[in-house]
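**Student:** Below you will find the structure I want to go over with you.
Protein chains in written order, with the working numbering: chain A, 1 to 973; chain B, 1001 to 1416; chain C, 2001 to 2208; chain D, 3001 to 3095.
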């Protein structure tokens, strides 16, 4: 098909034809077209189906307010549903598909809903589909769900790149129409940092669509001249294709730039960039959006906003119809007739609702054919251009919950003084000032106000000469006395009747109306429908519009890709990764890694021939307990604590005493939250009178540091104690097993004596290794074996693990991961994250005796509450299967509940649960730690460990949590 | 008027002229047996169950704004009973059972849709915690299924299994969980309460309590004094402000929870999916919009709007979990004011003032509790004793140390 | 005790990463030592005097960097400074402790950080995609004897951003009047790969 | 939101971690006879004001200062920002 509706004029580039397909059929447009303008130029009327009744729909508007012409654009994983044809720029080879129709746009079986419309009134679904009860999920709902929805997701990962950015400016100007350009010009010339953002791909706003003169030249020429001047200013940033979508606290604005959607060849550039703009002031110059009038069948393809009809003619050289009826209640809409005539269209009727008494009906189903008046007169038409007046685009003034103000003279809401926070100004049509002259003037004034507010001087500016015809409107919302339904929200299929029915049923508050009918909740966010719907409700209730109220819009101004909000934080890069200095070495050893918060830790080190992780872990445990194993423990939080009051400070942080810890020694410590529950545990080493190093668990490093700073700065601000994290400074390895010392002695420089006598259990010290490398040595054990932790500056971490493995060869030293670490700590009965889960107390963890009596510490007072000391509370104990067979049937399940023998599996009978389980190669049995009601008194009893999810039920014996070496003799050799 | 397909047919033939307001708009009487302050989900449910079970009593619901304008109008519609602790699970399972019969009970289709909820886990300790929770659910008569990675792949092939920062190990699935049409819940209870004679009085703000000698005998309102034998307050989002009028401080902070909906899309997400590691959860509404959210913003606010860091955080989680949703567009974001209690669990209790009762501190989870909260609060008001499922929801649990802290984060509301 | 025949070698967090684009360079910074100095109670005057006497540099105010012969320092927190020395000295903390006496807590920090420099006219554009702070010349200046420093977020990472003063020979390899677009990014060493990823992706997005 | 740090100037609130009411500075005296009651009030009970609210924020991603911020919980307007250590000292906290 040729471009049957293309006429002269417009700002398209006729030297660059562009081929595209719509529903598989080829069409041609020009560079500078939108999908909508190209379809119009090709005479295409039917472009979509409505949400509920699947009524045929055509292009309605020429901007981001479009409710009907939603398309799926692109193919495969790049298919983007619900894209507005009215703002999608045409590119070569573009594929465009209509939506919400089956099997085809022209023949949609769901259009049967339209015939059923009388039964599908507002809220009908709340009144039916209830019988029988089970049919909702099985029958009714799937049908409703299939029928609803608009476009479809591809189901494929979004393949494009996205990024974010952060910009700072003095003045953010939102909208580059006549008002916004003037504001930017005044502010830019005064030297302010200005950002001028516009959602369109061309600057100029409404000026691009009207044949007006500014300073005696075309509006386009003026726009180009101003844009050129702004582009030349280093302090002004012009951002096209950029929507300011939201206003947030303290001068933060959200914006999104569409970088590549208009390109035929996708580069590696991010598809969209999400901006956070920090602006000292902003000027809203976002223009206005035309609205419709409720006429019967006013949703037929070919019924359009008058301003859109002008846009297509003037900006794109495309005629929306060859025989057009113009319907308007205001002076602006009536201008459409002359413009169309100049473009070569026939204007078959002009209906000024202020003069005409005759009601009329719109004829035609998949396209407008005619209008028929109540007196029987019929006028042929293929397009109805309607203007029901203009709504200033005030949405951004509502994002901070500001309420707009109704102005009778223009029959529209404008931003109220209250809604505009001190740093936001408004100019032009967004302020209800509709003539070009007014827009230019208000834009310049807003610019001058911004300059002044920021303490600079604005140079006087010659205001350009432009049209200043007054805007005259007589509200006319709904044509009464017609037969068919009159659409208010075309996308959500809300009619004037629906609004009245909702009111009749008691949904008279505008918020209730919105929720009951879904008015204004379509993808245009009510731009096409809200004010009209409100006016019809007001009329029906015989109230004024201000009495009836209004809903206030929420961000975003227009829908924004979820990917844009996510930016580059995707896939593996969703969150940062922390790696220890031995990471690459471990990878080379074939280690399997596990996430521990942001850290990656080696979980186990499989060797050839090992087919199950359990084999590997068993081997690592046995090797460590029989000779020596090495584990990277760098991830533990390490905090350097210095100052004369450091000891006293730690004394208040931990439940046990620290002030008198001798230099050169470590101590285990337990800290509580102020509510008396266990917060974290770790060790503290004392290097001098005024210097301690604390370790925290990997998981709590950040929260413990924050807590310590809170105590230091807020509770005891005069304590002389300083904190700094040294987690990343030191690469630290646990060396555990009977041969740990022998191995260690091979790398410790000989002036340092690490014998049992010189460096006993819980000793710490500064030493050197491998010929003068500084190191910190701690004699600590998590495994229960003779063990050390050795720290070196992180740069040597990779080299140290290799050295340890190399000198350890004669002892058959093994590296072990978090899994073997976990097995050994369970064998040893140490509480870890599954036990220190924030719900347990020192007493219930078996550490009640550590709570110092004589000193105060964080959590002390509230730890004494009744609920934290209940004798029938859950106490940490150990569990072993009664039958010790090493079979899966005796595998204990962490998370299993403990239920007495012969008792039924109900909550009343649950006496606790297993928190951590492991297979102990040392005991050749599964073992578990868990919490049992009065557990400390029940050693030796038998109870069932029941996991209903995995269907296991294992009889276990309650035992001490210390499965191995309960007296701790191995630690001290 | 009874709702049915036949009724719709009949009314349609008459041009729908016969539908009446689904609740009356009476003027307040000077005296009631019970006043419920707050015409949201919980207040209306309380009035409904009170009126239904204890017939012949005079009840008024006072709403300062329009009916159902609070959190019942702005939540993400999820219903579930997948709690861990003894104090919570029986209550929420009771609620779940009430949801299952609600439409027939109310003769109003609130679109209870039991398409299930899946809570994903990513590490062994998270799986252990899920197992413990799932067992607690089963022991309380709820349903729970542990899904392996393979099973999950079949149910939700669109999740990112292959190049995720936090690989998915499996999920805890509650098949009976799902969603409900939130506004319809308020309207259904309002209609039901109205039919049982409850006066629902909108645009009537409580400005003070009539208290003397430690006894509350009524309320001051913008529409005059109204007296009652018992007054129950259920005003989520305004609890501290309202109870301050009775001189009470509460173990509650008010925060904003943001929620999001995308443009309509053809059905693709089967039920509710929760991604704890990424602070993201999502379902798909019957209109096709992806309804999703994440963490609260984290600062005290009554503003019913949040800020960008959480918006971005939630979307990052969403795209990380299901990269296909990236090309869908976020249509609308909004915020609800949630009353975060100090242990993350609610309060349904008498106050120290005789005749004054309190229901609140629902954190971000009040919607799913609506039916059980109504039953329990009605029971408490009528009998002065806690309902069997709500025995733990007492004020004194904080001073006595019987906390119901599902997350184990202590007395810091923004972490719950 | 055995005679120690084993020796250890150093590993760089990013293996000396160096990437270039037309007017942009991303380079891992190597060498030197870092210590944090945190004034103990009432210790600022003594610290200021002793540091000035020994190294000839004042203690800069919050957000500022100054260089001295052999290094530079910046204020990192209230009464806390990070000092970078160009030469290596494994016992720097001990030495500084002796100089500063009991006026400050000194902590060795060299190995805690990965340091990347973003150099060139496009550097501000790269940082604009990653950092919420205003790093414009007005807000984050670098001039003679005075640079800027801030601890903030870069993507999801916690970083120091340091814009050295012109006298500093840290990144540019020598004193220069005309190299204002040098930004050093310090990030905890364990995050090194993520830091490099974030910055390189931002660079690719500009040049891609 | 933007928090104007008293030492560092404007910073995006994203750099900060929120704790709660600034009354948390005033940890009760554990030796008092009514310590248990005081600690309960201190840790659990909140004014939860609608309007001007004094609250604690931690500059986690910045200089690690705790701040006391006076902010309106209805509008989010920030009225003052101070170092918490200064406030604590002024209000009688010491060692």
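A virtual CB, placed ideally from N, CA and C, is assigned to each residue, including glycine.
#1: Could I get the ranges of all uninterrupted beta strand (DSSP E) runs contained in the segment 694-748 of chain A, with 3 residues as the minimum, in chain order?
#2: Against chain D, does residue 1158 of chain B count as a neighbour if the rule is that its beta carbon must be under 9 Å from one of theirs?
#3: Note down the Cα distance separating residue 691 of chain A from residue 646 of chain A, rounded to an integer number of angstroms.
#4: Check the DSSP bridge columns for residue 218 of chain A and list the partner residues they point to.
#5: Residue 477 of chain A by DSSP, collapsed to three states: which one?
#6: Jot down the residue ranges of each uninterrupted alpha helix (DSSP H) in the segment 419-455 of chain A, minimum 4 residues, whole runs only, in chain order.
#7: Assess, as a yes-or-no matter, whether the segment 769-777 of chain A is touched by the segment 948-965 of chain A under the definition of 3 or more beta carbon pairs within less than 8 Å.
#8: Which residues does DSSP pair with residue 656 of chain A in a beta bridge?
#9: By the three-class DSSP mapping on this structure, what secondary structure does residue 17 of chain A have?
#10: Give, in chain order, every residue of the segment 3051-3082 of chain D whose Cβ lies closer than 9 Å to some Cβ of chain A.
#11: Can you give me the C-alpha to C-alpha distance between residue 3014 of chain D and residue 3052 of chain D, rounded to a whole angstrom?
#12: Flag residue 251 of chain A as yes if its beta-carbon sits less than 9 Å from any beta-carbon of chain D, otherwise no.
#13: Pull out every residue of the segment 1308-1334 of chain B whose Cβ sits closer than 7 Å to any Cβ of chain D, in chain order.
#14: Is the Cβ-Cβ distance between residue 1158 of chain B and residue 1078 of chain B less than 9 Å?
#15: Assuming residue 1174 of chain B contacts residue 1142 of chain B under a Cβ cut-off of 8 Å, what Cβ separation, rounded to an integer in Å, is found between them?
#16: Between the Cα of residue 605 of chain A and those of A/614, A/89 and A/577, spot the shortest distance and give me the residue it belongs to.
#17: Buried or exposed for residue 249 of chain A, please, with buried defined as at least 16 other CB atoms from any protein chain shown within 10 angstroms of its CB.
#18: Does any C-beta atom of chain B lie closer than 9 Å to the C-beta of residue 3035 of chain D?
#19: One question on the structure: do residue 184 of chain A and residue 456 of chain A come within less than 9 Å of each other, judged by their Cβ atoms?
#20: In the structure shown, what three-state DSSP assignment does residue 3044 of chain D receive?
#21: Examine chain B for any beta-carbon lying closer than 9 Å to the beta-carbon of residue 3012 of chain D, and answer yes or no.
#22: Once DSSP output is grouped into helix, strand and coil, what is the label at residue 847 of chain A?
#23: Considering Cα atoms alone, identify which of C/2017, C/2117 and C/2134 is closest to residue 193 of chain A.
#24: Taking any Cβ of chain C, which residues in the segment 690-721 of chain A have a Cβ under 7 Å from it, in chain order?
#25: Output yes or no for whether 9 Å exceeds the beta carbon distance between residue 833 of chain A and residue 699 of chain A.
#26: Rounded to the nearest angstrom, how far is the Cβ of residue 673 of chain A from that of residue 520 of chain A, given a contact under 8 Å?
#27: List the residues that DSSP assigns as beta-bridge partners of residue 2037 of chain C.
#28: With three or more C-beta pairs closer than 8 Å as the rule, is the segment 252-269 of chain A touching the segment 3014-3024 of chain D?
#29: Helix, strand or coil for residue 22 of chain A per DSSP?
#30: Say whether chain D places a C-beta atom closer than 9 Å to the C-beta of residue 1070 of chain B.
#31: Would a check of beta-carbon distances place residue 562 of chain A closer than 9 Å to chain B?
#32: Which runs of the beta strand (DSSP E) fall wholly inside the segment 834-922 of chain A and span at least 3 residues, in chain order?
#33: Residue 3015 of chain D touches chain C at which residues, Cβ-Cβ below 8 Å?
#34: Does any residue of chain A bring its CB to less than 9 Å from the CB of residue 3028 of chain D?
#35: Would you call the segment 143-161 of chain A in contact with the segment 77-87 of chain A, where contact means no fewer than 3 C-beta pairs closer than 8 Å?
#36: List the residues of chain A that residue 2105 of chain C touches, going by C-beta distances under 7 Å, in chain order.
**Tutor:** Per the coordinate set shown:
#1: Here the runs fully enclosed are 722-725 and 730-736.
#2: Along the second chain, read from residue 1 onward, the residue named residue 1158 of chain B stands at position 158. So no, residue 1158 of chain B is outside the interface.
#3: Locating residue 691 of chain A in the first chain gives position 691, counting from the first residue. Locating residue 646 of chain A in the first chain gives position 646, counting from the first residue. The straight-line gap from Cα to Cα measures roughly 7 Å.
#4: Working through the first chain from its first residue, we reach residue 218 of chain A at position 218. According to DSSP, residue 218 of chain A bridges with A/213.
#5: Counting from 1 along the first chain, the entry for residue 477 of chain A is found at position 477. For residue 477 of chain A, the three-state secondary structure derived from DSSP is coil.
#6: If we require 4 residues or more, the alpha helix (DSSP H) runs fully inside the segment 419-455 of chain A come out as 436-453.
#7: With the cut-off at 8 Å, the segment 948-965 of chain A and the segment 769-777 of chain A do not touch.
#8: Taking the first residue of the first chain as position 1, residue 656 of chain A is located at position 656. Paired residues: none, contrary to the question.
#9: Position 17 of the first chain, counted from the first residue, corresponds to residue 17 of chain A. Residue 17 of chain A carries a strand assignment under DSSP once its states are collapsed to helix, strand and coil.
#10: Taking 9 Å as the Cβ-Cβ cut-off against chain A, the residues of the segment 3051-3082 of chain D that qualify are 3056, 3058, 3060, 3064, 3065, 3066, 3068, 3075, 3076, 3077 and 3078.
#11: Translated into the one-based positions of the fourth chain, residue 3014 of chain D becomes position 14. Translated into the one-based positions of the fourth chain, residue 3052 of chain D becomes position 52. C-alpha of residue 3014 of chain D to C-alpha of residue 3052 of chain D: approximately 21 Å in a straight line.
#12: Numbered from 1 along the first chain, position 251 holds the residue referred to as residue 251 of chain A. Yes, contact with chain D.
#13: Considering only beta carbons, the part of the segment 1308-1334 of chain B lying closer than 7 Å to chain D consists of 1309, in chain order.
#14: Here residue 1158 of chain B is taken as the residue at index 158 of the second chain, counted from 1. Here residue 1078 of chain B is taken as the residue at index 78 of the second chain, counted from 1. For residue 1158 of chain B and residue 1078 of chain B, no; Cβs fall outside 9 Å.
#15: In the second chain, counting from the first residue as 1, residue 1174 of chain B sits at position 174. In the second chain, counting from the first residue as 1, residue 1142 of chain B sits at position 142. Going by Cβ atoms, the distance from residue 1174 of chain B to residue 1142 of chain B rounds to 7 Å, so yes, they are a contact pair.
#16: Taking the first residue of the first chain as position 1, residue 605 of chain A is located at position 605. Out of A/614, A/89 and A/577, A/614 has the C-alpha closest to the C-alpha of residue 605 of chain A.
#17: The residue given as residue 249 of chain A occupies position 249 in the first chain. By the Cβ neighbour-count rule, residue 249 of chain A is buried, with 16 or more other Cβ atoms within 10 Å of its own.
#18: Working through the fourth chain from its first residue, we reach residue 3035 of chain D at position 35. Not an interface residue.
#19: Walking along the first chain from the start, residue 184 of chain A turns up at place 184. Walking along the first chain from the start, residue 456 of chain A turns up at place 456. Here residue 184 of chain A is not near residue 456 of chain A, since their CB atoms are 9 Å or more apart.
#20: If you number the fourth chain from 1, residue 3044 of chain D lands on position 44. Of the three classes helix, strand and coil, the one that applies to residue 3044 of chain D here is helix, per DSSP.
#21: Position 12 of the fourth chain, counted from the start, is the residue given in the question as residue 3012 of chain D. So yes, residue 3012 of chain D belongs to the interface.
#22: Numbered from its first residue, the first chain carries residue 847 of chain A at position 847. DSSP places residue 847 of chain A outside both helix and strand once states are collapsed to three, so it counts as coil.
#23: Along the first chain, read from residue 1 onward, the residue named residue 193 of chain A stands at position 193. Nearest option by C-alpha distance: C/2134.
#24: Of all residues in the segment 690-721 of chain A, only 720 place a beta-carbon less than 7 Å from a beta-carbon of chain C.
#25: Sequence index remark: in the first chain, residue 833 of chain A carries index 833 (1-based). Sequence index remark: in the first chain, residue 699 of chain A carries index 699 (1-based). For the pair residue 833 of chain A and residue 699 of chain A, the CB atoms are nearer than the 9 Å cut-off.
#26: Mapped onto the first chain, residue 673 of chain A falls at position 673. Mapped onto the first chain, residue 520 of chain A falls at position 520. In fact, because the Cβ distance is near 47 Å, the residues do not count as touching under 8 Å.
#27: Position 37 of the third chain holds residue 2037 of chain C. Note: residue 2037 of chain C sits in a beta bridge opposite C/2081 and C/2106.
#28: Between the segment 3014-3024 of chain D and the segment 252-269 of chain A, the count of Cβ pairs shorter than 8 Å is below three; the stretches do not touch.
#29: Numbered from 1 along the first chain, position 22 holds the residue referred to as residue 22 of chain A. Judged by DSSP in its simplified three-state form, residue 22 of chain A adopts strand.
#30: Locating residue 1070 of chain B in the second chain gives position 70, counting from the first residue. Chain D, which has no Cβ nearer than 9 Å to the Cβ of residue 1070 of chain B, makes this no.
#31: Working through the first chain from its first residue, we reach residue 562 of chain A at position 562. Interface residue, yes.
#32: For the segment 834-922 of chain A, whole beta strand (DSSP E) runs of length 3 or above, ordered along the chain, are 874-881, 897-899 and 910-920.
#33: Counting from 1 along the fourth chain, the entry for residue 3015 of chain D is found at position 15. Those are 2132, 2152 and 2153, listed as they occur along chain C.
#34: In the fourth chain, the residue the question calls residue 3028 of chain D occupies position 28. Chain A contact via Cβ: present.
#35: They touch, by the three-pair rule.
#36: Within the third chain, numbered from 1, the residue matching residue 2105 of chain C stands at position 105. Within chain A, the residues near residue 2105 of chain C are 642, 643 and 722.
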